[in-house]
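Below is one structure; the comments refer to it alone.
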Amino acid sequence: MSEIINLPERRARQKRPIHVEFNLRSFPRQRFALRMTWNSELERYNLEIEHLNRNEIVTKSIATPYRFYSYMPWCVFLFADTSGKEKRVTPNNINDEMNLYALPGPDGLPPEEW
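Sequential numbering from 1340 applies to the sequence shown in our numbering.
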């Protein structure tokens, strides 16, 4: 089972920087920050995920569907399109077709304990 991280659609549509802080049920009492900026030359999002409690960067890369952004052994993040039609993370498909998911790692809490 996974958790969906909601991203601000209006900011995405306007290609404005996105900054979201969140907690995961699978990794309690731990705060994360997600930052995304639109790179108009590459037509892709720059992505940064940070574990705020430890001041540690989980990833700093290009937002790519179906790529695992691992923070093992606690959790894994990934963008996925449930319809399977989208090939990129774009300003127009965030939260519609393309969602950011967090999945528990081996040391994360299992869904039955959320």
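For each residue, glycine too, the CB sits at the ideal point set by N, CA and C.
Tryptophan 1377 has Tyr1384 as its beta-bridge partners, per DSSP. Cβ contact annotation for leucine 1439 (same chain, cutoff 6 Å, sequence separation greater than five): Ile1344, Phe1418, in chain order. Valine 1359 and tyrosine 1410 have their C-alpha atoms roughly 18 Å apart. Taken atom to atom, the span from the alpha-carbon of arginine 1383 to that of proline 1367 is near 31 Å. When DSSP states are grouped into helix, strand and coil, proline 1443 belongs to the strand group. Around the beta carbon of serine 1365, a 10 Å sphere encloses 16 or more other beta carbons of the protein chains shown; the residue is thus reported as buried. Inter-residue distance for arginine 1393 and tryptophan 1413 is about 13 Å (C-alpha atoms, whole angstroms).
For glutamate 1348, the enclosing alpha helix (DSSP H) has its first and last residue at 1348 to 1352. If you draw a 10 Å sphere on the C-beta of glycine 1423, you find fewer than 16 other C-beta atoms in it, and that means exposed. Per the coordinates, the alpha-carbon of asparagine 1385 lies some 11 Å from the alpha-carbon of threonine 1429. By the criterion of a C-beta distance shorter than 6 Å, asparagine 1378 is surrounded in its chain by Asn1385, once the five residues flanking it on both sides are discounted.
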